[in-house]
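Position 559 of the sequence shown, counting from 1, maps to 562 under our numbering, and the rest follow consecutively. In this text, a Cβ means the ideal position worked out from N, Cα and C, and glycines have one as well.
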Amino acid sequence: MMKKKSIPASKPFLILFLCQIISALDVPLDSKLLEELSQPPTITHQSPKDYIVDPRENIVIQCEAKGKPPPSFSWTRNGTHFDIDKDAQVTMKPNSGTLVVNIMNGGKAEAYEGVYQCTARNERGAAISNNIVIRPSRSPLWTKEKLEPHQVREGDSLVLHCRPPVGLPPPIIFWMDNAFQRLPQSERVSQGLNGDLYFSNVQPEDTREDYICYARFNHTQTIQQKQPISVKVFSTKPVTERQPVLLTPTGSTSTKVELRGNVLLLECIAAGLPTPVIRWIKEGGELPANRTFFENFKKTLKIIDVSEADSGNYKCIARNTLGSVHHVISVTVKAAPYWITAPRNLVLSPGEDGTLICRANGNPKPSISWLANGVPIAIAPEDPSRKVDGDTIIFSHVQERSSAVYQCNASNEYGYLLANAFVNVLAEPPRILTPANKLYQVIADSPALLDCAYFGSPKPEIEWFKGVKGSILRGNEYVFHDNGTLEIPVAQKDSTGTYTCVARNELGKIQNEVRLEIKDPTMIIKQPEYKVVQRYGQVSFECIIKHDSTLLPTVIWLKDNDELPDDERFLVGKDNLTIMNVTDKDDGTYTCIVNTTLDSVSASAVLTVVAAPPTPAIIYARPNPPFDLELTGQLERSIELSWIPGDENNSPITHFVIEYEDGLHEPGVWHYQTEVPGTQTTVQLKLSPYVNYSFRVVAVNKIGRSQPSEPSEQYLTKSASPDENPANVQGIGSEPDNLVITWESLKGFQSNGPGLQYKVSWRQKDVDDEWTSVIVANVSKYIVSGTPTFVPYEIKVQALNDLGYAPEPSEVIGHSGEDLPMVAPGNVQVHVINSTLAKVHWDPVPLKTVRGHLQGYKVYYWKVQSLSRRSRRHVEKNILTFRGNKTFGMLPGLEPYSSYKLNVRVVNGKGEGPASPDKLFKTPEGVPSSPSYLKITNPTLDSLTLEWGSPTHPNGVLTSYILKFQPINNTHELGPLVEIRIPANESSLILKNLNYSTRYKFYFNAQTSVGSGSQITEEAVTIMDEAGILHPAVGTGKVQPLYPRIRNVTTAAAETYANISWEYEGPDHANFYVEYGVAGSKEDWKKEIVNGSRSFFVLKGLTPGTAYKVRVGAEGLSGFRSSEDVFETGPAMASRQVDIATQGWFIGLMCAVALLILILLIVCFIRRNKGGKYPVKEKEDAHADPEIQPMKEDDGTFGEYSDAEDHKPLKKGSRTPSDRTVKKEDSDDSLVDYGEGVNGQFNEDGSFIGQYSGKKEKEPAEGNESSEAPSPVNAMNSFV
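Written out as structure tokens, the structure reads:
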């Protein structure tokens, strides 16, 4: 706070004048005072300068102001007075200047376009708002244009132009496809700042017909859609790489002007192959740190909050492996006006001086102009106290009539600033704002500050008195502050009392009293002292205080200037702090702080923790064994054992383990009995009869187990009858006429007495027999002889000894021994499914004849002979077992065209029963295997000799052999295929009229009546000339086959799939593929890759009842492939249909229709010849109704028909490939399917997540700006 100081008498007038020029009256921020003082208007809230409104909603132009008295409001529109009362659509909010234009009840937003300015006025001046430019937002439509498909060569660059309509504000551009999914962008494909889609180089995957540019207009919440653009990329081999070329900007240099504070966006997009990489630099400087960002895969340089220092040359460099190209953008940063010093409100007293300063900067330098109460100051009423000096207004010796609101306008070509600042000249009598009789309490010898907040205009003079009738306070013991505060630098006890503050100016005088009390200071009369304490010791700090009796002290202890640890070892008393069991972490500084409402004192002391005196190292070990075991309280089934623990060896005993020895049954073997906690030294033990007990105890701690104690004295318990019976009793016969009963014998101490025996009892189940019993010695098995075969028995085994029987045992069920089954299965039937599979059925045998546990049936089957060879061979029987009571089974792996026999036998635990009579069945013919070999010998200029062996498995009667062959050129391309059918009894063939020095590929297979078998392939070459340049290998007499090769391709087809298998000869790890297609079709082969190096593959998704061709190839073997094989899928299940064309009623109906058409044609012909052609008809033909245009033949769309509906975006029924709309077939989820309005909801990524709805109402077109899309019902705020 400023203090008054003495001023030399020679300079009072100069300093007083300077202070008046640079200062003004301060108004305290007292709410009650502010409500009472007059104040010129101040604009508190207004609409933005450039105010774009939604044309469908009410326009709200805000203007709020405060003042005393409350201001009134008026408006100008386009520079002239706007009479609100004459416009029924415009209202002004009560106690406000805010205008509301009612658009939703008939008003048109376009009618209220213009520049608006608000004036707030009261008796002390007028404040004005900015010029508020009202413009309705616009979302015009794309103009109609015919877009030609883009045919682009692979690797070339491409630019798809968006050219969105100019909207207000400009739209947000994005590219999507028919499914409303964002088109993927990358370093190669990206969207430019102008909305165009740039391809640095096109790839085949860029081919598509639905490149669609969308424009989103936020204010109207509508989306416009451009026609889909079609791009087709055609490939040329090889693709030529190209060095970079800039697509945008063009040329080597360009310029860019940006305003200070805005975001600078510079863009470079380059074409080239490989895709160029963009790099940015600033010539002669660095890119600004923390304000530079790269976007759009570094194609866009973004600098935020630009200033004049960011002007300069920015170079973008596009580079790929073939070269580089660059472009220099010269950036100039201009600046709209911005404040250096904005004018501030002045509150002056009559006769005072002051200044308003308005300083702004910009590029170019803004011009400054002043207004008074909204009127240019040059034509405003004159005020003799006011003088304008450029950006400053100087006020001298103001009066109340000088109150006004001044406006400073700083403007250049890029904008303007407008600031209101009032000059409020007040004449007010003094007011004291400090509450009356306020009590001040101060500690003795401290400063005392007594407030006297005041206000008055002119500024009042302040005087202080002590007591009601005391004299004015003067002297060095007091300090008088400019804000009215009285300071007593060193308050003493005698300073206590009442003080009076008096404020006076020429308009009046006022006074206020306050009270001062002086309190005794708080003191620590016994402070904590430095302490040294041993680890695990105890320490205490004292803190005894003295304080004023009227003050309530609080004591706080801190450790190292922080709160005490949350630990119960720290005990805080009234006058001390005690720490128990001190540890090393308690080392530190402890502070005692005493607080009252007026003062605070503290004192500190240091605690040092030291180690305790050295002690011998502690040895931890297993405990010593317990000793002095004693048995007491002997009973028949229990006894009490006590002992004395051994030394713990510095580790507490956790528990004791009690063990026992049975000296009668198992001498020398110790068993676990129980365990007790380490604090217990006695235990009550349960005992069994007829056991000679000895006990010992083992102590356990964390280190381990002690040695066992010495055994206790022996204690022999009395005998008793057994408590339990043997476990796991079973009855299973080992022979057809016996029953073997087994059990687990009781252990020695379980016998409970001497003479342990077992009572074994049995009887046949479900028969009214008495129990048969026998007592046996201490064994675990008893055999009952002479039993019926496999019958159930009830069995029980009971223990007994010399003192009696154990409790009654439970019964178990067993069976006497099994015998072989007596009967063979009957009614054996065989159903042959195909040439390799048969199904066999039989009737089950009666369970009584099984004579044991039924385990299943066995089917024995064997091949008798092959029907094609009529030769017998060694019979090898095959056996299939079918578990349980199953009555059928499948016989796989049969050989085609063969005779088989089988029989069936039932199986139990004993073995197999008799076989059923042999059943003979035959398998039908199948396709043969491949010929056993194919040799190509005796090559000449034009012939080759082929020899072959018949198939190893003919699988039927061979009808013929099929030979196919074709030439192969040097590029492994195959020539025309020749086919020859050879009788089945032939084994060689001479091929003549071949080309000399030509390689041929041969495909050879055998046929039965069922079809063709697997192929065998070979390759051979005719010789070049008679000299024999290409000879057979010496000593072989044949042409060596060319490897690698794939042979014997076989197929097994079902309705919709086929199993393909083959044989391969050649290098290991070949990667195979299967090619297939419809037989006889000219379509390209379809290719499937085989996983790994397997020699089989399943073709799926085939059409039923269709003939297919197939071949197998190996990757990396110069395109080597197998010969073709042909197969046919099974027929589809036919549905029952009725041929309507053969129905009598249909034929009659068609005849009647034909007769009626003939009569109509005759009548029309007669009338035409009679009447001729009318002129009106000619005019109708010449001027056809535009509503009924013919359909184009080329694309199925209508002719050049259009109306206002064509301009509506995303209209249902107007999406055809030839105009700017999207094919419905291309998208199952398009905007078309959801009506006309674009009012669905979209995710942030642009994907569609809602539905669309809208009204089908046509509105007249009023030019490009008025032909906007209909408003959506729901807002679409998050499309992008």
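- Task: Can you tell me the Cβ-Cβ gap for C546 and I527, rounded? I've got them flagged as a contact below 8 Å.
- Result: Walking along the sequence shown from the start, residue 546 turns up at place 543. Walking along the sequence shown from the start, residue 527 turns up at place 524. C546 to I527, Cβ: 6 Å. Contact.
Note to self: Taking the beta carbon of H550 as the centre, do at least 16 other beta carbons fall within 10 Å, making it buried, or is it exposed?
What the structure shows: The residue you call residue 550 lines up with position 547 of the sequence shown. Its Cβ being crowded by 16 or more others within 10 Å, H550 is buried.
- Message: So, for L196: in the same chain, excluding its five sequence neighbours on each side, which residues have a beta-carbon less than 8 Å away from its beta-carbon?
- Response: On the sequence shown, position 193 is the one that residue 196 refers to. Hits under 8 Å: L268, E270 and T303.
So what does N423 bridge to, in DSSP terms?
Stepping through the sequence shown from its first residue, residue 423 is reached at position 420. DSSP lists Q410 as the bridge partner or partners of N423.
Identity of the residue in K705, T884 and C504 nearest P438 by Cα: Locating residue 438 in the sequence shown gives position 435, where the first residue counts as 1. Closest by alpha carbon: C504.
*asked:* Measuring only the C-alpha atoms, how far is T525 from T599?
replied: Indexing the sequence shown from 1 puts residue 525 at position 522. Indexing the sequence shown from 1 puts residue 599 at position 596. Cα to Cα, the separation comes out at about 8 Å.
Checklist entry - Going straight from the alpha carbon of P168 to that of E1058, what length do you get? => result As a first step, residue 168 must be located in the sequence shown, where it is residue number 165. As a first step, residue 1058 must be located in the sequence shown, where it is residue number 1055. Between P168 and E1058, the C-alpha separation is close to 58 Å.
Item to complete: Can you tell me the Cβ-Cβ gap for E982 and I965, rounded? I've got them flagged as a contact below 8 Å.
Response: Here residue 982 refers to the residue found at position 979 when the sequence shown is read from its first residue. Here residue 965 refers to the residue found at position 962 when the sequence shown is read from its first residue. The pair is a contact, with the Cβ atoms about 7 Å apart (cut-off 8 Å).
Inset, instruction - Give the range of the beta strand (DSSP E) segment to which V505 is assigned. - result: Here the question's residue 505 lines up with position 502 in the sequence shown. Segment G500 to N508, the beta strand (DSSP E) holding V505.
Please report the distance separating the alpha-carbon of V833 from that of G929. Position 830 of the sequence shown, counted from the first residue, corresponds to residue 833. Position 926 of the sequence shown, counted from the first residue, corresponds to residue 929. Computed Cα separation, rounded: 19 Å.
Can you list, in chain order, the residues of its chain with a C-beta nearer than 7 Å to that of A1336? Leave out the 5 residues immediately preceding and following it. Because the chain is modelled from 4 through 1283, residue 1336 falls outside the range shown and cannot be assessed.
If you draw a straight line from the alpha carbon of L276 to that of Q227, how long is it in whole angstroms?
As a working note, residue 276 is residue 273 in the sequence shown. As a working note, residue 227 is residue 224 in the sequence shown. Near 34 Å, if we compare the C-alpha coordinates of Q227 and L276.
request  = Please find out if some non-hydrogen atom of the ligand COA comes closer than 7 Å to the beta-carbon of N755.
outcome  = Judged by which ligands are present, the structure shown has none, so any question about the ligand COA falls away.
Could you check the C-alpha separation between D57 and P173 for me, to the nearest Å?
Counting from one through the sequence shown, the residue named residue 57 turns up at place 54. Counting from one through the sequence shown, the residue named residue 173 turns up at place 170. Rounded to the nearest angstrom, the two C-alpha atoms are 14 Å apart.
Exercise. When burial is assigned at 16 or more other CB atoms within 10 Å of the CB, is P1189 buried or exposed?
Worked result: In the sequence shown, residue 1189 corresponds to position 1186, counting from 1. Per-residue confidence for P1189 stands at a pLDDT of 35, beneath the threshold of 50, marking its modelled position as unreliable; no derived number is given.
Are there 16 or more other CB atoms within 10 angstroms of the CB of A12, so buried, or fewer, so exposed? Position 9 of the sequence shown holds residue 12. Low confidence applies here, because A12 scores a pLDDT of 35, under 50, leaving its location unreliable; read the following figure in that light. Label assigned to A12: exposed.
Exercise for review: Determine the direct distance from the alpha carbon of V536 to that of S498, and round the result to whole angstroms.
Suggested key: In the sequence shown, residue 498 corresponds to position 495, counting from 1. In the sequence shown, residue 536 corresponds to position 533, counting from 1. So the two alpha carbons sit approximately 49 Å from each other.
Query - Residues of its chain near A447, where Cβ-Cβ distance is below 8 Å and the 5 sequence neighbours each way are ignored - result: Taking the sequence shown and counting its residues from 1, one reaches residue 447 at position 444. Excluding sequence neighbours, A447 sits near A494, Q495, K496, I521, K522, D523 and P524.
Note to self: Please classify M179 as buried or exposed, where buried requires at least 16 neighbouring CB atoms within 10 angstroms.
What the structure shows: Your numbering for residue 179 matches position 176 in the sequence shown. Buried.
Point to revise | Own chain partners of I816 with C-beta closer than 8 Å, once the 5 adjacent residues on each side are dropped | key: Numbered from its first residue, the sequence shown carries residue 816 at position 813. The residues G734, K768, P795, Y796, E797 and I798, in chain order, have a CB closer than 8 Å to that of I816 in the same chain once the five nearest residues on each side in sequence are set aside.
Worksheet item: Any idea what DSSP makes of W646, helix, strand or coil?
Response: Taking the sequence shown and counting its residues from 1, the one referred to as residue 646 is at position 643. Strand.
According to the Cβ coordinates, are P152 and S233 closer than 8 Å?
Translated into positions along the sequence shown, residue 152 becomes position 149. Translated into positions along the sequence shown, residue 233 becomes position 230. Yes, the pair counts as a contact, with Cβ atoms nearer than the cut-off.
| said: Starting from T775, trace the beta strand (DSSP E) in both directions and tell me its first and last residue. | reply: Stepping through the sequence shown from its first residue, residue 775 is reached at position 772. Residues T775 to V779.
Practice problem: Within 10 angstroms of the Cβ of L632, are there 16 or more other Cβ atoms? Answer buried if so, exposed if not. | Solution: Within the sequence shown, the letter at position 629 stands for residue 632. By the 10 Å Cβ count, L632 comes out buried.
Excluding the 5 residues flanking G117 on each side, which residues of the same chain have their C-beta closer than 8 Å to its C-beta? If you number the sequence shown from 1, residue 117 lands on position 114. Cβ within range, chain order: R80, N81, V136 and I137.
Please report the distance separating the alpha-carbon of D945 from that of L994. Position 942 of the sequence shown holds residue 945. Position 991 of the sequence shown holds residue 994. Straight-line Cα distance between these residues: approximately 8 Å.
Local Cβ density within 10 Å of Y696, reported as buried at 16 or more and exposed below that: Here residue 696 refers to the residue found at position 693 when the sequence shown is read from its first residue. When all chains shown are included, Y696 counts as buried.
Quiz item: Going by beta carbon distance, what residues of the same chain come within less than 8 Å of L554, once the five residues before and after it are set aside?
Solution: Here residue 554 corresponds to residue number 551 of the sequence shown, with the count starting at 1. Listed in chain order, the non-local C-beta contacts of L554 below 8 Å within the same chain comprise K522, T525, T599, T600 and L601, local neighbours out to five positions each way being set aside.
- Task: For the alpha helix (DSSP H) holding K851, just list the boundary residues, first then last.
- Result: Counted from its first residue, the sequence shown places residue 851 at position 848. Looking at the DSSP string, the run of the alpha helix (DSSP H) that includes K851 is L850 to V853.
Residue burial classification, C1154 (beta-carbon count within 10 angstroms, cutoff 16): Reading the sequence shown from its first residue, position 1151 is the one you call residue 1154. Under this definition C1154 is an exposed residue.
Q) Looking at T122 and F85, is the spacing between their C-beta atoms short of 8 Å? A) In the sequence shown, residue 85 corresponds to position 82, counting from 1. In the sequence shown, residue 122 corresponds to position 119, counting from 1. No, they are not a contact pair.
Exercise for the section: Report yes if the C-beta distance between S869 and S932 is below 8 Å; otherwise report no. Expected result: Counting from 1 along the sequence shown, the entry for residue 869 is found at position 866. Counting from 1 along the sequence shown, the entry for residue 932 is found at position 929. With respect to the 8 Å criterion, S869 and S932 are not classified as neighbours on the basis of their beta carbons.
Exercise. How many Å lie between D209 and L250 at the Cα?
Worked result: Here residue 209 refers to the residue found at position 206 when the sequence shown is read from its first residue. Here residue 250 refers to the residue found at position 247 when the sequence shown is read from its first residue. For D209 and L250, the distance between alpha carbons rounds to 18 Å.
**Report entry** Continuous beta strand (DSSP E) stretch holding P984: start and end
**Finding:** Stepping through the sequence shown from its first residue, residue 984 is reached at position 981. Note that residue 984 is Arg in the sequence shown here, rather than Pro. Per DSSP, R984 belongs to the beta strand (DSSP E) from V981 to P986.
Q) Just the Cα atoms here: how many angstroms apart are K89 and N105? A) Translated into the one-based positions of the sequence shown, residue 89 becomes position 86. Translated into the one-based positions of the sequence shown, residue 105 becomes position 102. Straight-line Cα distance between these residues: approximately 14 Å.
Original post:
Among all the DSSP beta bridges, which residues are the ones paired with S1098?
Top reply: Position 1095 of the sequence shown holds residue 1098. Its beta-bridge partners do not exist; DSSP assigns none.
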